[in-house]
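J.: Our numbering puts the first residue of the sequence shown at 186, with every later residue one more than the last.
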Amino acid sequence: MSEDEPILVWMREPRAPRRQGPDIDRIVTAAVTIADADGLEAVSMRRVAADLGSGTASLYRSLTGRDDLIDLMIDRVRGERDLPERTGHWRADLTALAHHLRATLLRHPWLGPQIAGRPALGPNSLREQEFALAAAAELTPDIARVTYIVDAVGAYIFGATTRQLAEQRAHRHTGLTEDQWRHAVAPYIRTILAAGEHPHLSRRIHQDTDPTPEDTFTFGLTALLDGIAHAGRDEP
Numbered sequence: 186m187s188e189d190e191p192i193l194v195w196m197r198e199p200r201a202p203r204r205q206g207p208d209i210d211r212i213v214t215a216a217v218t219i220a221d222a223d224g225l226e227a228v229s230m231r232r233v234a235a236d237l238g239s240g241t242a243s244l245y246r247s248l249t250g251r252d253d254l255i256d257l258m259i260d261r262v263r264g265e266r267d268l269p270e271r272t273g274h275w276r277a278d279l280t281a282l283a284h285h286l287r288a289t290l291l292r293h294p295w296l297g298p299q300i301a302g303r304p305a306l307g308p309n310s311l312r313e314q315e316f317a318l319a320a321a322a323e324l325t326p327d328i329a330r331v332t333y334i335v336d337a338v339g340a341y342i343f344g345a346t347t348r349q350l351a352e353q354r355a356h357r358h359t360g361l362t363e364d365q366w367r368h369a370v371a372p373y374i375r376t377i378l379a380a381g382e383h384p385h386l387s388r389r390i391h392q393d394t395d396p397t398p399e400d401t402f403t404f405g406l407t408a409l410l411d412g413i414a415h416a417g418r419d420e421p
């Protein structure tokens with residue numbers, strides 16, 4: 186990249202590849218498919234080109250490099266489904282957006298760390314941010330508080346989905362189903378509980394049903410929004 190060339194892919198004029206080269210849409214689609222299957226670390230210009238049956242050099246006719254590709258991938262998956270319809274009520278809209286973003290993060294496990302670690306400035310990402318800010322602004326006119334609200338909800342979404350994805354990876358790593366894992370650790374757990382030093386843990390383990398990830402996410406989100414509703418009524 187030359188010193189005079191804009192650093193963001195969104196600021197550059199689209200490159201026109203030669204006719205025999207893959208277009209940008211096919212490149213991004215292939216890269217997302219690779220990341221979903223094998224993780225973002227598997228995405229390289231060489232791997233994408235190979236999956237497209239093309240030469241690596243042909244990709245550089247459309248992109249300056251892998252960073253551009255990742256930016257385009259992030260924006261592609263954030264725009265693959267329409268945003269929820271706005272209701273004009275801050276709580277309903279933030280709830281709908283939270284479930285929308287959670288679903289996107291679970292479909293694309295590589296996405297969360299990328300959103301958290303780099304500015305997402307593509308058109309779909311900006312529409313999502315505008316939706317969140319507009320929803321929070323229904324609760325308070327204070328733009329600083331609006332920002333706090335959006336950041337708090339975002340942190341909860343990323344934290345909850347990161348934990349769920351980590352649990353899924355752990356299960357895949359052991360090669361055991363949930364029931365098989367429980368059966369394997371049951372003798373140890375029974376020994377620990379028999380000592381009587383963890384009564385609350387015992388109640389937790391012996392409860393009739395375990396909450397689903399969706400139940401856990403919804404409960405946490407509801408509690409967070411309850412706190413936001415209270416804080417939003419306070420004067421700065």
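We put the CB at the ideal spot given by N, CA and C, even for glycine.
Which same chain residues, not among the five before or five after MET258, have their C-beta less than 7 angstroms away from its C-beta?
T.: For the purposes of this step, residue 258 is taken as residue 73 along the sequence shown, with counting starting at 1. Result list for MET258: VAL213, ALA216, VAL217 and ALA220, in chain order.
J.: Look up SER229 in the DSSP assignment and say whether it is helix, strand or coil.
T.: Within the sequence shown, the letter at position 44 stands for residue 229. In this structure, SER229 counts as coil in the three-state DSSP scheme.
J.: For GLY339 and HIS383, I'd like the C-alpha separation in whole angstroms.
T.: If you number the sequence shown from 1, residue 339 lands on position 154. If you number the sequence shown from 1, residue 383 lands on position 198. So the two alpha carbons sit approximately 34 angstroms from each other.
J.: Distance check for LEU279 and LEU409, CA to CA, integer angstroms please.
T.: One-based indexing of the sequence shown puts residue 409 at position 224. One-based indexing of the sequence shown puts residue 279 at position 94. Roughly 11 angstroms between the two C-alpha positions.
J.: Per DSSP, what kind of secondary structure is ALA283 in: helix, strand or coil?
T.: The sequence position of residue 283 within the sequence shown is 98, counting from 1. Helix, per DSSP.
J.: Can you tell me which of the three DSSP states ARG357 falls into?
T.: Translated into the one-based positions of the sequence shown, residue 357 becomes position 172. DSSP places ARG357 in helix when its eight states are reduced to three.
J.: Assuming contact is defined by CB atoms lying nearer than 8 angstroms, are ALA317 and TRP275 in contact in what I supplied?
T.: Counted from its first residue, the sequence shown places residue 317 at position 132. Counted from its first residue, the sequence shown places residue 275 at position 90. Not a contact, by the Cβ cut-off of 8 angstroms.
J.: Shortest alpha-carbon distance to ILE263 belongs to which of ALA283, GLY250 and TYR245?
T.: Sequence index remark: in the sequence shown, residue 263 carries index 78 (1-based). Checking the sequence, you will find Arg at residue 263 rather than Ile. Comparing Cα positions, the closest option is ALA283.
J.: Do the CB positions of ILE255 and GLN299 come within less than 8 angstroms of each other?
T.: Locating residue 255 in the sequence shown gives position 70, where the first residue counts as 1. Locating residue 299 in the sequence shown gives position 114, where the first residue counts as 1. Yes, they are a contact pair.
J.: Put ARG388 into one of helix, strand or coil per three-state DSSP.
T.: Translated into the one-based positions of the sequence shown, residue 388 becomes position 203. Looking at ARG388 - three-state DSSP - the assignment turns out to be helix.
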